[in-house]
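For the sequence shown, this note's numbering gives the first residue as 179, with consecutive numbering after it.
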Amino acid sequence: MKPDRLGKYYFIRFQRLKGDPHSLAGGFAIGVLIGLTPTMPLHTVVIVLLALATRTSAIAGILSSWLVCNPLTYIPIYYFSLMIGNAVTPYHLNWEKIKTVLDMLLSSESFSHSMKTITGLGFEAGVVMVSGGVILAIPFTVASYYLSLKFFVAMRKKRIQKQILS
Numbered sequence: 179m180k181p182d183r184l185g186k187y188y189f190i191r192f193q194r195l196k197g198d199p200h201s202l203a204g205g206f207a208i209g210v211l212i213g214l215t216p217t218m219p220l221h222t223v224v225i226v227l228l229a230l231a232t233r234t235s236a237i238a239g240i241l242s243s244w245l246v247c248n249p250l251t252y253i254p255i256y257y258f259s260l261m262i263g264n265a266v267t268p269y270h271l272n273w274e275k276i277k278t279v280l281d282m283l284l285s286s287e288s289f290s291h292s293m294k295t296i297t298g299l300g301f302e303a304g305v306v307m308v309s310g311g312v313i314l315a316i317p318f319t320v321a322s323y324y325l326s327l328k329f330f331v332a333m334r335k336k337r338i339q340k341q342i343l344s
């Protein structure tokens, strides 16, 4: 699928979401937060759990996660998470090890094999990657909440205007 067509597709999907704009924006922000953390096989599960805990839209979260973490962006996400994590934690991890694990994750057929691959990295690698990913994701999460809130409020006003004119 071409990038411009994919962009239009996601735009329409977000336009069609129904619900409270704050709930939709909160779900969107959760999706961006989790999508920018290096927890690839667990994105959907974590998004649904956080959306249920915060009473936000799980569907908006899953859609925004797919928008943020896709085959074009997962390598930069993991790379910047690694660099930031190495800078803020006492541990050090090299890119070659992460690249090998990413290749194994993408070629994995089962969830259990993906989890074994991740746990094989060790505790220090998890600390480096998750802390770097969370620090990387925080500014994008805050910005995405306010921008998506503005978007969903505008969509709601447009729907109300359309109903009044009908």
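For each residue, glycine too, the CB sits at the ideal point set by N, CA and C. Please read all numbers here as calculations on a predicted model, not as lab measurements.
Point to revise | Residue closest to P219, alpha-carbon to alpha-carbon, out of S259, L230, T232 and E287 | key: Reading the sequence shown from its first residue, position 41 is the one you call residue 219. The candidate whose alpha carbon is nearest that of P219 is E287.
**Study point:** Whole-angstrom C-beta distance between L299 and V140, which should lie under 8 Å
**Key:** Absent from the model: residue 140. The displayed extent of the chain is 179 to 344, so no value can be given.
**Study point:** Y323 - DSSP class collapsed to helix/strand/coil
**Key:** The residue labelled residue 323 in the question sits at position 145 within the sequence shown. Reduced to three states, the DSSP call for Y323 is helix.
Practice item. Buried or exposed for I342, please, with buried defined as at least 16 other CB atoms from any protein chain shown within 10 angstroms of its CB. Key: Here residue 342 refers to the residue found at position 164 when the sequence shown is read from its first residue. I342 comes out exposed.
Practice item. Could you give the DSSP three-state label for K335: helix, strand or coil? Key: By one-based count along the sequence shown, residue 335 stands at place 157. K335 falls in the helix class under three-state DSSP.
Exercise for review: Using the Cα positions of H270 and F318, report the straight-line distance between them to the nearest angstrom.
Suggested key: Position 92 of the sequence shown, counted from the first residue, corresponds to residue 270. Position 140 of the sequence shown, counted from the first residue, corresponds to residue 318. The alpha-carbon atoms of H270 and F318 are separated by roughly 25 Å.
Check your understanding: Can the beta-carbon of L184 be found closer than 8 Å to that of A238?
Key -> The residue you call residue 184 lines up with position 6 of the sequence shown. The residue you call residue 238 lines up with position 60 of the sequence shown. Not in contact: L184 and A238 (Cβ atoms no closer than 8 Å).
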